[in-house]
Amino acid sequence: MASAPSDNSRSDEHDDYDFASMQEKWQASWDELKPFSTATADDTRPRKYVLDMFPYPSGDLHMGHAEAYALGDVIARYWRQQGFNVLHPIGWDSFGLPAENAAIKRGIDPRAWTYENIEQQKRSMKLYAASFDWDRVLHTSDPEYYKWNQWLFLKMYEKGLAYRKASWVNWCPNDQTVLANEQVVDGVCERCGATAEKKKLTQWYFKITDYADRLLDDLNQLEGSWPSKVIAMQRNWIGRSIGAEVDFEVEGREEKVAVFTTRPDTLYGATFMVVAPDSDLAAELVAGSSDAVKQEFASYLTAVQKTSEIDRQDAAREKTGVFLDRFAVNPVNGERLPIWAADYVLSDYGTGAIMAVPAHDQRDLDFALKFGLPVRVVVDTNAAVTGAIPVIETDENGDPVLPELPSLDPAVTGEALGGEGRMMNSGPLDGLSKANAIKRVTAQLEEAGTGRSARNYRLRDWLISRQRYWGTPIPIIHAEDGSMVPVPEDQLPVTLPPSEGLDLKPKGSSPLGAAEDWVNVPNPVDGSPARRDPDTMDTFVDSSWYFLRFLNPHDDTQAFDPKEAEKWAPVDQYVGGVTHAILHLLYARFITKVLYDLGYVSFTEPFSALLNQGMVLMDGSAMSKSKGNIVQLSEQLALHGVDAVRLTMAFAGPPEDDIDWADVSPHASAKFLARAWRLASDVTSAPDVLWKTGDVGLRRVTHRFLADAPKLIESFKFNVVVARLMELVNATRKAIDGAPGGSDAAVREATETVALGLSLFAPYTAEDMWERLGHPAPVALAGWRKADPVLLVEQSVTAVVQVDGKVRDKLEVSPTIDPAELERLALATAGAIRSIAGREVVNVIVRAPKIVSISTRG
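Position one of the sequence shown corresponds to residue 1 (full-length UniProt numbering), numbered consecutively onward.
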């Protein structure tokens, strides 16, 4: 961060900048005034909803929080100054593994640990002066909140979007709980870093795949208002593929196997089928094989289960597999295709089976070459290669002779053919282009009833079950006959039992299953013995709709008031880290669309605009205890003051860039704030002074800031606004130190404008200045002043006179000067006359009012 300007102004005992006293004074005042409350029903101001991603209470606030809440607060405060009624709430994402693990480590109740941290963070947030509405605080671990998680689950269950099934899941061996696909990053648990394993369990899912197309297509609504990187990440995660679903008969099996492919045109090139070894299909097929195959397959499956999905999808990895001694039948030519189990196919891709076309897919080719399987080329790419070969000789008839082409046979080269070309070895498709062949073969499959157009997605259903205590209990009761009974809505919330007496240590099953008095309940239907579902919900359920609960967080009759949602939602500006680009944001978008379909909201996207802040680093690295580079926020606040830290965060650079705390200077920020604060002491004119009588030069600087700052804030150029504030402070100090000094009306206008600008970044300093200037608190609601357009017009512009490309003179001219007049003046300048010196002027280009370019010859 650039250093603040040096302070040469006078200073006496009354001008000491004491941030600690200011913080104490104005915290008490704001607590009494409640300037950011949005509870008044008759407020007629237009509305804005600004939301920061709520924190997890894992300890006190840290430097990352300091950046996020400083930037979000700039936006909230800006819109208030623009005359909006701004909803800016805060709460705590207070369920989850970290609190439970911390409680286990310390031998205490997760509640105690969680709520102690919340109180600490709340004190720090109030000190940090973020303009939150403290009447709307929520905690997701409160029964009054998670009751509505359970209500949402029941609505999903009624709609068929919540279901339970046995399947292979990602398992964290450290935390002893399942993980959604999105919670496995590079093969490890995103929470603790343990290598994720595969485990077959019966779990609860939300059917997010039913919304895959809408989640993908509706991203178009967010172009330009969400970071392009986030939109791209979501598109890639959903991963829509267009192709066909082809039905293959399997000998000895009544039901056909549906295989999805993006290249149905290459069906004639399929020479074998591959199934995922951990799929239900593989287990079924091997059951009909010989004992030797069963034994070989069992050993292979054991090895596969120890391999991460990341490794399995590594294209360079040596291919492995087992022949299942079963055969499928190609529907287009009747050929028998041997069926193999191989780990490069994943069980959750379609049906867990693919048709292998080794000539045109590298992974299939590698597998075919290793196991001696046929390779058949069905796309002729020779024409493209031939066209690239120059003619070098002719025969006796004058016909061109081409050199012998290198072999394109993948079985020889070991490289699959992926280029464009014409179909070959494909019966009725021969000679067609790829696009036409896809259309033709898809139509033939549909006519024969052996296939259809289809879409496939990378996205998988959202696994929400967790085998841990500290979460929302799933509101389902399991009857003795195996049926599932939803908990009646009038019996919600299903509250957690006390943790006392429960073993919370991770052991692969939920601790709630051991709470006999809690888990054993009568069946709501007939009163027979039954058991509660012992699992709890993924905490991303909590955060998927919390923005709506802020609208009426203490209403015990409904999750949120649809009328309030009409007034406030969707969120106008969401602020948070890019680490949530897939997980949280995708789930929130999904739940919003479900609520739209259920008729509770009238919009389909939860967050109209998104700002991702960067990380706060130290010496180029993320802060960590192991690296010894932790910077404690509490120490920085005590040393430099809240305003200096907030201002430093805003001035460090564009919000999306990382901040290296070693490269910035909160000390310089504090010096600048003291310099700005002293301006108020030097203003001697009255608050009602007529500004138009003041120094026009200073007024021009003031009004240029008033005009430019809104555009800069709305484009998130906070650092530029701070720089412009520094310029304004310098200009004001210069005017004060000259005649007529602080009595000049323009000095008051400029100083009040500094206070208004600082109210966005440094609220304590701004409030104190505002009081010294004779105005009542709060400055945050004073309102942004409109720039006088007359003062924005430049009185003169410097026009450059060039002769043969070199600057020869300059002119001070009117911004509205006529081009012909500017040309006349330029040719008459001493520099131009001297440079032309009798040469012929052959061309004059005039770009009024900035430049005149003269060309000569001779």
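Glycine included, each C-beta is placed from N, C-alpha and C at the ideal position. Please read these numbers as outputs of a predicted model, since none were measured by experiment.
Task: Best match in M156, M125, L152 and T114 for proximity to H139 [C-alpha to C-alpha] - done: T114
Open item on the list: So, with DSSP's three-state summary, where would you put G738?
Closed with: coil
TODO: Report the option in E24, P35 and P511 whose CA atom is closest to the CA atom of A782.
DONE: P35
Open item on the list: For H478, report the span of its beta strand (DSSP E) as first-last.
Closed with: Its beta strand (DSSP E) spans residues I476 to A479.
Open item on the list: Here's the rule I'm using: 16 or more other beta-carbon atoms within 10 Å means buried, otherwise exposed. How should H554 be labelled?
Closed with: exposed
Open item on the list: Using CA atoms only, rank isn't needed, just tell me which of W568, V803 and G694 is closest to A750.
Closed with: G694
Open item on the list: Whole angstroms are fine: how far does the CA of M273 sit from the CA of L346?
Closed with: 13 Å
Task: Segments assigned beta strand (DSSP E), at least 3 residues, entirely inside the region 424 to 481 - done: 451 to 456 and 476 to 479
Task: S29 beta carbon less than 8 Å from that of A680 - done: no
Task: Segment limits, alpha helix (DSSP H) that includes V642 - done: V642 to F651
TODO: Going by CA-CA distance only, name the one from L690, K692, L637 and A686 that's closest to H667.
DONE: L637
Open item on the list: Rounded to whole angstroms, what is the Cα-Cα separation between L811 and A837?
Closed with: Approximately 20 Å between the Cα atoms of the pair.
Open item on the list: Please report the straight-line C-alpha distance between F19 and R214, rounded to a whole angstrom.
Closed with: 51 Å
Open item on the list: Let me check one thing: in DSSP terms, what residues is K567 bridge-paired to?
Closed with: Per DSSP, none; premise fails for K567.
Task: Cutoff 7 Å; reference K593; Cβ partners in own chain excluding five residues on either side - done: These residues qualify, in order along the chain: Y211, R214 and T604.
Open item on the list: Quick check on DSSP: helix, strand or coil for Y574?
Closed with: strand
Task: Selection from M649, H65 and P428 that minimises the alpha carbon distance to V332 - done: P428
Open item on the list: With the cut-off set at 8 Å, would you say G419 and V357 are in Cβ contact?
Closed with: no
TODO: May I ask you to list the residues that DSSP assigns as paired with L87?
DONE: For L87, which the question treats as bridged, DSSP gives the partners Y49.
- [ ] Write down the C-beta distance between D343 and T307 rounded to the nearest angstrom, noting that I regard them as a contact closer than 8 Å.
- [x] 6 Å
Open item on the list: Between which two residues does the alpha helix (DSSP H) holding R106 run?
Closed with: Start and end: L97 to R106.
Open item on the list: Tell me which residue opens and which closes the beta strand (DSSP E) that L337 is part of.
Closed with: R336 to A342
Task: Rounded C-alpha distance that separates P403 from R326 - done: Below a pLDDT of 50, predicted positions are generally treated as unreliable, and P403, at 49, falls in that range; the measurement from the model is reported next regardless. If I take the Cα positions, the gap works out to 45 Å.
Task: Where residue 906 sits in the DSSP three-state scheme - done: With the chain covering only 1 through 858, there is no way to say anything about residue 906.
- [ ] Figure out for me which residue from R468, D280, G482 and R263 has the closest Cα to the Cα of K507.
- [x] R468
- [ ] Tell me whether M156 is buried or exposed, calling it buried when 16 or more other Cβ atoms sit within 10 Å of its Cβ.
- [x] buried
TODO: Pick out whichever of G421, N117 and D809 has its Cα sitting closest to the Cα of A830.
DONE: D809
- [ ] Would you mind sorting A674 into buried or exposed? The rule is 16 or more other CB atoms within 10 Å of its CB.
- [x] Classification for A674: buried.
Open item on the list: With H, G and I counted as helix, E and B as strand and the rest as coil, what does DSSP make of E249?
Closed with: DSSP places E249 in the strand class (E or B) of the three-state scheme.
Task: Rounded C-alpha distance that separates G387 from L179 - done: Because G387 carries a pLDDT of 41, less than 50, the predicted location of this residue cannot be relied on, and no value is offered for it.
TODO: Give the range of the beta strand (DSSP E) segment to which Q613 is assigned.
DONE: Counting along the chain, the beta strand (DSSP E) containing Q613 begins and ends at L610 to Q613.
Open item on the list: Measuring only the C-alpha atoms, how far is V793 from K711?
Closed with: 18 Å
Task: Among R785, V841 and A686, the one whose alpha carbon lies nearest that of A745 - done: A686
Task: For P55 and Q121, believed in contact at Cβ under 8 Å, the rounded distance - done: 6 Å
Task: M53 and V375 closer than 8 Å at C-beta - done: no
- [ ] Return the chain-ordered list of same chain residues with a C-beta closer than 8 Å to the C-beta of P522, the five sequence neighbours on each side being excluded.
- [x] S528, P529 and A530
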